[in-house]
Amino acid sequence: MNARHVALIALYSSRYSVRSGIGLVFLLAALLFGLMVSHMLLQPAEKIVKKARAEGVELTTERVVERLKDSPQVRSAVDWILGSQAASEIADDQARRSAQEKVRAWTAYLLDERPALLSTILLILFWGWPFVASLGAFDLFSGDVQSRGIRYHLMRADRSSIYFGRVLGAALAQGAVLLFLVGLITTFLHFKLPFYGFGAMARWGGYGALMMILVSLPYLALCGWISGAIDSPFGSLTIITVVLGGVPLLAVFGEMRWEQLGWIRYLLPWGVQLNLFQPSPVQVAGAAAACLGYTAVFLYLGHRHFQKRDL
Amino acid sequence: MADAALSIEGIRKCFGRSVALDAVSFEVPRGSVFGLLGPNGAGKTTLFSIVASFLRADAGSIRVLGVDVRHISELQGRLGILPQDAVFQRNVPILDQLTFFRVLDGQPRAAAEAEARAALEKVGIGAYAKRGVHALSHGMVKRLGVAQAFLGAPEVILLDEPTSGLDPQNARQIRDLIVELQAGGRTTTVISSHNLLEIQEICDHVAILDRGRLVTCGSVKAITAGGRRLEVTFGRPLADAVRTALAALDVVHAVEQRGPLRYAITLAEVAGSGGDADDDAAVARVLQTALDHGATPRAWKEGHSLEEFFLQVTGKRSGEPVDAG
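Spelled out as structure tokens, the structure:
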């Protein structure tokens, strides 16, 4: 592998990825998804602000957050996401109570200690982002292998450089889109809900964006593996979507019949990724390490297949 | 061959249960224009793809300029390829694509762009440098492919059917381009083609593949010289009497009509003969007999055409190697 080639290919592919039709679809899907989620969750907050102004009540962060926590959209979103995370840990009544207590503490951290609305938006983005990320990565190799355009690169750079260069390029492009998206949401929220200090919003938004970049890495590596193994972009997208959606669905419905099937969710980072928003730094570090571990495994498997196959 | 640009040894490649290449071995001399021939499905493109490391061989080894192609990146800038049906990226200007190729070869960006521009100018599509490949006609895309293969003046160039699907004018332009770019003498060019006249015109060595096996390999001169054949073009079709007279000569084995005015005359092996002088005498007797019977030879040449040889050897069922010298 040649580090110079990796860097060149990464920059080239990230530069031109957005110019392609698929790149544009990814960009639009990412913005649409992020802004729709923000809009959906901003509505109750705006209502609270409007109502408070109409009643002449002084707007404080604590008051708005209290009311926000009672809003069905925010509450149900947070409960559903965090509750589903804890569900696999429930073994008996005592454990269930303990898990519920943990979720309550976690909820308090996300809604009370951090900008509540931004936390909720980030949690939902976290759930949907793997699907959006796959739109930007399903064609990392499959289209070029199908059209044989990759052959123009194969004679000039070794396969490892091409493989890692393209995955890195996709990560750079997605990282840029994520930073832009979360930056946009954070700024938008700040102007709409000025009672949060911009510093707190920016810090939490920046942290959320970094965590989203971190969590998108294993999914990108998975997309690279599947895209490098299947010559049809449509086939690649279909299989990626089935795998991404199938694993959590199988885990949720499987554990209803047999609890052990819940472990299936750990085939992908679904089972650990939300821990990146835990209050405990140890849990965050563990989740980050797990995400990097998944990334390394998927990269290894994808690279090994790409090295051996006919192109 | 110590001075081989390309050395292929025992290459085998299967796709499932189908054997695409089986124990193919030959060498391409440095500085030659080498033709790779074979009917459809003979394995030419597969062999090219293995040389370029697009496909992995099941067995055997290939060395280009002494470098094992499994480490193809070591050949950076020394090997150029026109893949048969690879498509350029649609959303990237062609100048940017060629520039990027040269940057990968190790050139600084400014020099790479200058080289890419020069290559596009050379193949006559410089005006399209900033356009995408969608703006080019089929012939222009082929020329872009050739420009890409010759970019940076590599020492070995593989061209997989460079003129297929082109009209005669475009095909001629591509051939002229290959000959012109080859003129420096430093380059070894390997061309696969179905067009045997094209190969005979521009190649000095050929290898023929059939059903995945090497049938023959050698210099065009040696291949077309063999067979004790004489091809004669007359001013008008031969009367039966003339054909009978020619066939009756003891130096003639057979007379076959190969075109309206073209005849292939196979010379007989005569006991005690075999030297050049005897061959000359046999040719002289054939031509004199034709003249004596009022048939005027307009043109004649000894040996096979490459096409005849190709049809002869690929028509065999066994695909056993034929010694072409």
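Taken in order, these protein sequences are the chains called D and S.
Last residue of the first sequence: 304 (this note's numbering), numbering continuous.
Last residue of the second sequence: 509 (this note's numbering), numbering continuous.
Glycine included, every Cβ here is placed at the ideal spot set by N, Cα and C.
Cβ-heavy atom distance, residue i to the ligand GDP, below 6 angstroms
i: Y189/D; result: This structure lacks the ligand GDP, and indeed carries no ligand of any kind.
Reduced DSSP secondary structure (H/G/I, E/B, other) of residue i
i: A243/S; result: strand
i: A207/S; result: strand
i: K314/S; result: coil
i: T373/S; result: strand
i: E339/S; result: coil
i: V50/D; result: coil
i: V307/S; result: coil
i: G264/S; result: strand
i: A150/D; result: coil
i: P356/D; result: The question about residue 356/D has no answer, for chain D in this structure spans -6 to 304.
i: S202/S; result: strand
i: D252/S; result: strand
i: P241/D; result: helix
i: P262/D; result: helix
i: V276/S; result: coil
i: V212/S; result: strand
i: L304/D; result: coil
With 16 other Cβ atoms within 10 Å as the buried cut-off, status of residue i
i: A251/D; result: Just to set this straight, residue 251/D is Trp in the shown sequence, not Ala. By the neighbour-count rule (16 or more Cβ atoms within 10 Å), W251/D is not buried but exposed.
i: E382/S; result: buried
i: S7/D; result: buried
i: Q273/S; result: buried
i: G478/S; result: exposed
i: Q357/S; result: buried
i: D346/S; result: The sequence shown places Pro at residue 346/S, rather than the Asp named in the question. With 16 or more other Cβ atoms within 10 Å, it is buried.
i: Y145/D; result: buried
i: L17/D; result: exposed
i: D434/S; result: exposed
i: Y293/D; result: exposed
i: A483/S; result: exposed
i: R315/S; result: exposed
i: R254/S; result: exposed
i: E305/S; result: exposed
i: D388/S; result: exposed
i: V138/D; result: buried
i: A300/S; result: buried
Limits of the alpha helix (DSSP H) - the one that residue i falls within
i: Y5/D; result: A(-4) to S10
i: F199/S; result: Careful: F199/S lies outside any alpha helix (DSSP H), inside the beta strand (DSSP E) at A188 to F199.
i: S91/D; result: D86 to A101
i: D289/S; result: That residue, D289/S, is in no alpha helix (DSSP H); it is neither H nor E in DSSP.
i: D360/S; result: P352 to Q366
i: V235/S; result: K228 to V235
i: G121/D; result: A109 to L128
i: E106/D; result: Segment: none, E106/D is in no alpha helix (DSSP H) and carries neither H nor E.
i: E492/S; result: L490 to T498
i: Q384/S; result: L380 to I386
Cβ-based neighbour list, residue i, same chain, cut-off 7 angstroms, excluding 5 preceding and 5 following
i: A303/S; result: L282, A331, F334 and L335
i: V170/D; result: L20 and A23
i: P108/D; result: Y189, A193, M194 and W197
i: G286/D; result: none
i: N379/S; result: T347
i: G200/S; result: none
i: A244/S; result: Note on residue identity: the sequence assigns Gly, not Ala, to residue 244/S. Counting only Cβ-Cβ distances below 7 angstroms, and skipping sequence neighbours, we find E193, G194, I195 and R196.
N-terminal and C-terminal residue of the beta strand (DSSP E) that residue i is part of
i: R141/D; result: Looking at the DSSP string, R141/D is not in any beta strand (DSSP E), and its letter there is neither H nor E.
i: Y287/D; result: Y287/D -> not in any beta strand (DSSP E); alpha helix (DSSP H) instead, spanning P274 to K301.
i: G325/S; result: Here residue 325/S turns out to be Val, not Gly, going by the sequence shown. Taken as a continuous stretch (DSSP letters only), V325/S belongs to no beta strand (DSSP E), being part of the alpha helix (DSSP H) at H322 to F334.
i: S403/S; result: R397 to S403
i: R446/S; result: R446 to L451
i: E486/S; result: P481 to E486
i: F513/S; result: An answer regarding residue 513/S cannot be provided, because it is not within the stretch 185 to 509 covered by chain S.
i: I392/S; result: H389 to D394
Contacting residues, own chain, Cβ-Cβ under 6 angstroms from residue i (five flanking each side not counted)
i: E492/S; result: none
i: H296/D; result: Y156
i: A80/D; result: Note that A80/D scores 48 on pLDDT, short of 50, meaning its location in the model is unreliable and no value can be drawn from it.
i: A150/D; result: H(-2)
i: L161/D; result: A3
i: A508/S; result: Only weak support exists for where A508/S lies, its pLDDT of 41 falling under 50; the coordinates are left without a value.
i: G310/S; result: L304
Beta-carbon contacts of residue i that lie in its chain and below 8 angstroms, excluding the five residues immediately before and after
i: P272/D; result: A98, W99, Y102 and E106
i: I232/D; result: I219 and I223
Going along the chain, which unbroken runs of the alpha helix (DSSP H) with 4 or more residues stay wholly within the stretch 186 to 229 of chain D? Counting only runs of 4 or more, we get 191 to 222.
Starting from the N-terminal side, write out each stretch of the alpha helix (DSSP H) that is 4 residues or longer and does not extend beyond the stretch 406 to 443 of chain S. Runs of the alpha helix (DSSP H) inside the stretch 406 to 443 of chain S: 424 to 432.
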